[in-house]
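Using full-length UniProt numbering, you'd call the opening residue of the sequence shown number 1 and step up by one each time. Positions of the beta carbon are idealized from the N, C-alpha and C atoms, including for glycine. Just so we're clear, the structure is a prediction, and the values are computed from it rather than from any experiment.
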Amino acid sequence: MSSRGARLSSPSSLLERPASQDSQDSMEDYWSEVKNIEEDGERAHEDLLERGSMDEAELEEAWLQEAGLSTLVSGELGEGPAEALLSTLTRSQAAMVKKRVDNYTLTMRKRNKQPARHVQDVFSTPDTLVGALGYGKGDCQRIRRDDPDLPVSLTSDLLELQKTFQLPRPKLGLTHIQDLSCEDMKKIGYISLIELTTFYDCLGIELKRNRAARSKARESGIFGVPLTTLLENDQKKFPGSKVPLVFRKLLSKLEQTGLQTEGILRVPGSASRVKHLRQELEQKFYEERFDWEQVRHNDAAGLLKMFIRELPYPLLTLQHLPAFAAAQSVSSPRHQIQALHLLIMLLPEPNRDTLKALLEFLRKVVAYEEKNRMSLWNVSMIVAPNLFTYRGKNAKQEEMQGAAGAAHLVRLLITYQELLWTVPCFLISHVRKLNEASKKPPSSEKTKRKLLLMRKRNAEKTERSELTDLREGVIRVHAPLHAKISMAIQLDNETKAKDVMARFDYENGPVQYLFEVGGNIGERCLDPETHLLDVYHVNPHCEWLLKPTTT
């Protein structure tokens with residue numbers, strides 16, 4: 001588990017400082033790093049990627065698929081996951097989905113093709129999307145780029161946090177990404193994409209996408225191998241690995257020998273030595289014959305940056321890299337953080353975990369600034385050209401224009417990583433509604449009658465069980481790894497998860513956390529400061545389970 005409620009280390013002046021001010025600072029480290037990269041000739045494999053504009057239909061279809069709404073264009077009618085998701089959207093989110101489907105339909109008609117599903121089939125019924133058709137021009141058109149009060153979900157959730165620079169403690173507890181089940185995180189991704197697109201649209205920013213060329217990436221080795229392939233290979237030897245082993249080893253080497261070294265990350269290692277070490281890593285790493293003692297800290301820094309650059313698909317992902325870059329054009333740093341927050345929710349798990357490991361290391365580098373002479377801004381300038389790679393005929397011009405903005409975004413990622421890896425409360429609330437909507441009975445009258453009869457019988461059984469077992473406000477905590485397999489606990493307004501954890505003795509075993517399981521959530525590990533009565537009211541049908549975490 002990550003540390004909970006850690007105070008953000010940055011002073012408030014960081015967030016208030018406009019991105020334009022960064023461009024006035026020295027960009028020497030950024031361009032020096034770009035020069036080193038060009039001399040190495042090791043930018044990401046151009047043959048595997050192409051930056052190209054997708055046509056409108058492809059763009060909208062790809063967006064709808066990633067948002068969990070592919071059935072809107074596939075023609076598969078019925079009450080499924082997409083319909084459940086649609087029924088939970090806000091008016092502005094619904095308007096954005098309708099806009100996407102409209103655009104897809106129009107493009108298909110221009111091709112003289114009939115779309116598989118007409119937009120009116122999706123948005124015609126009030127219980128599918130309340131008020132979507134009557135939304136008119138929408139709230140978003142009232143918003144200016146500099147409007148401090150954007151009417152989107154994130155604003156209310158983060159406004160207080162941005163004033164205090166400290167993660168707030170909601171009564172339902174903080175939820176970190178690793179606290180949720182994979183299935184619920186998948187739904188978080190759907191909602192985050194819809195919210196991000198709505199958010200950017202309100203700011204007048206168009207979301208673009210990159211397209212991958214149909215080429216095969218390497219399936220073995222270390223450099224130039226996709227993260228998913230590396231992890232599949234690593235997990236054969238070390239089950240549960242979430243960050244590539246070689247990446248972890250390079251970070252560990254730097255932490256052991258380089259954190260206090262002046263110019264770490266900035267001063268390049270010998271190009272010939274780094275090239276030789278790279279070849280040795282490819283040949284000997286998985287055979288455990290590689291000699292880490294021969295690796296100097298500057299060599300390790302060079303190998304680390306080379307590993308990131310040579311990933312065939314960028315660490316920030318090919319499809320979302322334009323959205324990260326677009327955050328540079330957001331005038332308010334507060335809104336930039338909101339965009340980054342949603343983008344982190346969208347990243348695939350291997351990319352998100354690897355990025356977090358990198359940011360945690362970079363924060364340690366900055367912590368030793370007095371000795372290594374690497375400020376937050378220095379580190380950000382050096383890392384930015386390795387994360388934000390520019391391709392195509394206008395690459396140089398785009399890099400010149402985006403240099404300061406890219407470095408500023410890296411600075412925000414380093415500084416606010418605790419916040420960015422915490423799931424916003426409104427997203428968890430949305431997932432609860434989505435899970436509840438997914439359990440609603442299908443529309444067939446015969447099926448409805450059967451389900452109503454089953455529900456009535458279950459309610460009678462539950463009522464009898466509650467009368468003989470638990471009173472209102474009493475939960476039963478199951479602890480299969482303890483001598484006390486279960487315990488009934490009376491909740492009050494002050495009962496927290498840590499109080500229940502303290503009732504069970506686990507001195508001789510791993511620390512165990514309280515989970516809410518089922519009901520309107522898949523599984524959620526509860527922050528020890530969570531007020532349980534609030535969870536009980538929000539999710540009355542969940543089970544309570546005490547167990548170790550898997551992270």
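Reduced DSSP secondary structure (H/G/I, E/B, other) of residue i
i, result
"LYS208", "coil"
"LEU546", "strand"
"LEU196", "helix"
"ARG309", "helix"
"VAL535", "helix"
"LEU49", "Bear in mind that a pLDDT of 46 at LEU49, under 50, signals an unreliable position, so the model cannot answer this."
"VAL225", "coil"
"GLN319", "coil"
"CYS202", "helix"
"GLN490", "strand"
"ARG524", "strand"
"HIS478", "strand"
"GLN265", "Position check: residue 265 holds Leu in this sequence, whereas Gln was assumed. DSSP places LEU265 in coil when its eight states are reduced to three."
"LEU359", "helix"
"LEU180", "strand"
"LYS237", "helix"
"LYS439", "coil"
"LYS364", "helix"
"GLU529", "coil"
"ARG352", "helix"
"LYS187", "helix"
"GLU232", "helix"
"SER220", "coil"
"SER329", "helix"
Residue-level contact to chain B via CB, residue i, 7 Å cutoff
i, result
"MET345", "You won't find chain B in this structure, because it holds only one protein chain."
C-alpha distance - residue i paired with residue j, whole-angstrom precision
i, j, result
"GLY509", "CYS525", "18 Å"
"VAL410", "THR197", "21 Å"
"ILE344", "GLY221", "28 Å"
"MET487", "THR549", "20 Å"
"GLY302", "ASP527", "38 Å"
"LEU250", "GLN336", "30 Å"
"GLN65", "ASP505", "47 Å"
"ARG169", "HIS430", "19 Å"
"GLU543", "MET501", "15 Å"
"GLU28", "ASP201", "34 Å"
"HIS320", "MET96", "18 Å"
"LEU419", "LYS356", "12 Å"
"GLN178", "THR354", "13 Å"
"GLN338", "LEU413", "11 Å"
"SER241", "ASP234", "7 Å"
"GLU255", "GLU349", "24 Å"
"GLU516", "HIS541", "10 Å"
Residue i vs residue j beta-carbon contact at 7 Å
i, j, result
"ALA406", "PHE426", "no"
"LEU514", "LEU546", "yes"
"ASN378", "GLN260", "no"
"LEU230", "PRO239", "no"
"PHE290", "GLU280", "yes"
"SER192", "GLU523", "no"
"ASN520", "ASN435", "yes"
"LYS253", "VAL295", "yes"
"ILE382", "GLU33", "yes"
"GLY518", "LEU491", "no"
"ASP299", "ARG273", "yes"
"LEU56", "THR107", "Checking the sequence shown, residue 56 turns out to be Glu, not Leu. Yes. Within cutoff."
The beta strand (DSSP E) enclosing residue i, as first and last residue numbers
i, result
"PHE515", "513 to 518"
"ILE485", "Counting along the chain, ILE485 falls outside any beta strand (DSSP E), and DSSP gives it neither H nor E."
Residue i, enclosing alpha helix (DSSP H) - first and last residue
i, result
"ARG100", "91 to 110"
"ILE341", "The sequence shown places His at residue 341, rather than the Ile named in the question. Looking at the DSSP string, the run of the alpha helix (DSSP H) that includes HIS341 is 333 to 346."
"ILE37", "28 to 40"
"VAL73", "71 to 74"
"LYS253", "245 to 257"
"PRO81", "81 to 86"
"LEU172", "Run containing LEU172: none; DSSP gives neither H nor E here."
"LYS498", "497 to 502"
"ALA62", "56 to 66"
heavy atom of the ligand GTP below 6 Å from residue i C-beta
i, result
"ASN351", "The model on display carries no ligand, and the ligand GTP is accordingly not part of it."
Which runs of the beta strand (DSSP E) spanning at least 3 residues fall entirely within the stretch 369 to 433, listed in chain order? Taken in chain order, the stretch 369 to 433 contains no complete beta strand (DSSP E) segment of 3 residues or longer.
Please list the segments of the beta strand (DSSP E) lying wholly inside the stretch 273 to 301, counting only runs of 3 or more residues, in order along the chain. As far as the stretch 273 to 301 is concerned, it has no whole beta strand (DSSP E) run of at least 3 residues.
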